[in-house]
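Read the structure below first, then the notes.
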Amino acid sequence: MSTSSALQQFLSRLGPDGVLACTCGRHHGVQVKQVLIEEDALRQSANLLRRQWGQSPTIWVLSDEHTEAAAAERWKTSVHAGRLVARILPGVPRPVPTLALAQELAAEVRAASPDLLVGVGSGVISDLVKKVSLDTGLPNWCIATAPSVDAYSSTTAALRLQGYHQAVPARPSEVIVGDLEVLARAPRLLFLAGLGDLLAKYLAHLDWHLARLVTQEAFCAPLAGLALDSAREALAAARAWRTQPLEAVRALTEAALASGFAMQAVGSSRPAASAEHTIAHFWEMAGAVAEEEKDLHGLLVGAACRLVLPGYVGWYRQLGGVAVDVEARLAALEQAPPWHERLEAAMVPFRHKMEGEMRGRTFDRQALAQRLDAFARQRDVLQGMAEPLLKELADAIALLERIGFPFALEELGIDARHGMPPVRHARLLRNRYTTFDLAHELGQEDALLALISRGALE
13 MSTSSALQQF
23 LSRLGPDGVL
33 ACTCGRHHGV
43 QVKQVLIEED
53 ALRQSANLLR
63 RQWGQSPTIW
73 VLSDEHTEAA
83 AAERWKTSVH
93 AGRLVARILP
103 GVPRPVPTLA
113 LAQELAAEVR
123 AASPDLLVGV
133 GSGVISDLVK
143 KVSLDTGLPN
153 WCIATAPSVD
163 AYSSTTAALR
173 LQGYHQAVPA
183 RPSEVIVGDL
193 EVLARAPRLL
203 FLAGLGDLLA
213 KYLAHLDWHL
223 ARLVTQEAFC
233 APLAGLALDS
243 AREALAAARA
253 WRTQPLEAVR
263 ALTEAALASG
273 FAMQAVGSSR
283 PAASAEHTIA
293 HFWEMAGAVA
303 EEEKDLHGLL
313 VGAACRLVLP
323 GYVGWYRQLG
333 GVAVDVEARL
343 AALEQAPPWH
353 ERLEAAMVPF
363 RHKMEGEMRG
373 RTFDRQALAQ
383 RLDAFARQRD
393 VLQGMAEPLL
403 KELADAIALL
413 ERIGFPFALE
423 ELGIDARHGM
433 PPVRHARLLR
443 NRYTTFDLAH
453 ELGQEDALLA
463 LISRGALE
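Our numbering applies: residue 13 is where the sequence shown begins, and numbers increase by one.
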């Protein structure tokens, strides 16, 4: 593994107990014992298993039909476990990571009484195994088969609960293995999905800074930088995908892991996700993607980044001219009708989700006045920060367009019924302060949405 990558620098700073004594003043914990991203990582991980668990551990392995052929069959042959129990999910249709499936797998694991759980796959397999690991109290390893998600190193699992996409607590993998030859053979759409997920780091970085300046939300510059810098490394390496595929895959995989570790260390997805993830999660919940092979989290995140970018660019550009009449805004927001009275028909099935998120928000005149005052003081800082970040994001999107990323909603099969509604309701779908919230509080939400809509038509 390259010693100069953002990921390796981060891992080298962890103490023996997995704790980072951070310059932000906090101590961040990360639960990982080893990361192997190498050309021969499958064989190395089999040797590591013998060193850590001896000659006769009982191992429970989860894969699907695709990842079984890609890596699981070979790995299971090489480990020589004392007893190996395997569950292979169907490859078609693609497994859906529901809570019910996780509970079914947990019951199977309890009956097998293994020493270790191993997931061989990408996001769905990893999330299921991490959830089962938490529920059964057993450690888990991850053998990644695609550089498509940052779930491998996070402390949450994305599961479907009552039809909704939810991030639920999970036990992170102790060992994460990425064999570069296996990763390089992953379907091209999975490679693009990994890059699409990394685009979100630009908006996440901007919106986290925004929340720090306007709401005094806790912020960690090193971890925010870890997620963003690793994304930059991977996007730079993507330019050499055709000539140096293994290095491109290494950089992308490391970036995904770095993002997950940043989330794990902070205790939330703040370093990696903002409004674009909220929009993408809605499309997933709504079953909005007609092209099943393109119903990949990272592709949806990338498309959401491209969709909102013109709005962010135009809105931050005119921010200097926005008037801040605190008393007028307090009066307007106090007199505004309840959010549910303005709910679009397409969003009614998701009202329960929004109610859950909005319970965490109450109208507080003093807090709102403080936020508006903070914005007035910090607007120049925000503008100065936004311009280069958004330019960099635009350049990254242009790069991915050249290598065939399906940014257009039409390419994904997302129709007009589902495309814009989550954008117009982004601040209601997630209790997280973003540019959409600031625009709403300033009375500029319609202006932001108009810029996004105009950009979608171009």
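All C-beta atoms in this analysis are idealised placements derived from N, C-alpha and C, irrespective of residue type, glycine included. No experiment lies behind these values; they were computed from the predicted model shown.
Residue i and residue j closer than 8 Å at C-beta
i: glutamine 456; j: valine 320; result: no
i: glycine 190; j: alanine 156; result: yes
i: glycine 467; j: glycine 323; result: yes
i: lysine 88; j: valine 73; result: yes
i: alanine 381; j: valine 338; result: yes
i: alanine 263; j: alanine 284; result: no
i: alanine 118; j: valine 144; result: yes
i: leucine 19; j: leucine 269; result: yes
i: valine 31; j: serine 165; result: no
i: threonine 290; j: leucine 450; result: no
i: arginine 106; j: leucine 54; result: no
Environment of residue i [buried if 16+ CB atoms lie within 10 Å]
i: histidine 78; result: buried
i: alanine 428; result: exposed
i: glutamate 266; result: buried
i: cysteine 317; result: buried
i: threonine 35; result: exposed
i: glycine 431; result: buried
i: leucine 469; result: exposed
i: histidine 177; result: buried
i: serine 242; result: buried
i: phenylalanine 387; result: buried
i: arginine 354; result: exposed
i: valine 393; result: exposed
i: arginine 282; result: buried
i: phenylalanine 362; result: buried
i: threonine 374; result: exposed
Bounding residues of the alpha helix (DSSP H) (the contiguous stretch that carries residue i)
i: glutamate 50; result: Unbroken run through glutamate 50 is the beta strand (DSSP E), 46-50; no alpha helix (DSSP H).
i: isoleucine 188; result: Not the alpha helix (DSSP H): isoleucine 188 falls in the beta strand (DSSP E), residues 187-191.
i: alanine 267; result: 257-278
i: valine 59; result: It should be noted that the sequence gives asparagine, not valine, for residue 59. Asparagine 59 -> alpha helix (DSSP H) spans 53-65.
i: cysteine 317; result: 309-329
i: tryptophan 220; result: 200-227
i: glycine 368; result: 363-370
i: valine 161; result: Valine 161 -> no alpha helix (DSSP H), and no H or E assigned at all.
i: proline 105; result: That residue, proline 105, is in no alpha helix (DSSP H); it is neither H nor E in DSSP.
i: phenylalanine 294; result: 287-297
i: histidine 430; result: 428-431
i: glutamine 395; result: 377-414
Paired residues, beta bridge with residue i - DSSP
i: arginine 95; result: Thr70
i: tyrosine 176; result: Leu173
i: serine 75; result: Ile100
i: threonine 110; result: Arg172
i: histidine 40; result: Leu32
i: proline 234; result: Paired residue(s): none; proline 234 is not in a bridge.
i: proline 181; result: Thr168
Limits of the unbroken beta strand (DSSP E) element including residue i
i: cysteine 36; result: Careful: cysteine 36 lies outside any beta strand (DSSP E) and carries neither H nor E.
i: isoleucine 155; result: 152-156
i: glycine 131; result: 128-133
Residue i: CB within 7 Å of a non-hydrogen atom of the ligand SAH
i: alanine 233; result: With respect to small molecules bound, the structure shown includes none, and the ligand SAH cannot be examined in it.
**Request:** Would you check if the region 218-238 and the region 22-42 touch, i.e. whether three or more CB-CB distances between them fall below 8 Å?
**Result:** yes
**Asked** Do three or more CB pairs link the region 139-157 to the region 209-221 at distances below 8 Å?
**Response** no
**Request:** Decide yes or no for the touch test of the region 383-403 against the region 253-262: beta carbon pairs closer than 8 Å, at least 3 of them.
**Result:** no
**Request:** Determine, using beta-carbon pairs with one atom in the region 79-98 and one in the region 116-134, whether at least three such pairs fall under 8 Å.
**Result:** yes
**Item:** Three or more C-beta pairs below 8 Å linking the region 98-112 and the region 130-140
**Value:** yes
**Message:** Assess contact between the region 182-197 and the region 44-53, defined as three or more Cβ pairs (one per stretch) separated by less than 8 Å. Is contact present?
**Reply:** yes
**Request:** Decide yes or no for the touch test of the region 445-456 against the region 215-230: beta carbon pairs closer than 8 Å, at least 3 of them.
**Result:** yes
**Message:** Would the region 59-74 count as touching the region 289-304 if we require 3 or more Cβ pairs under 8 Å?
**Reply:** no
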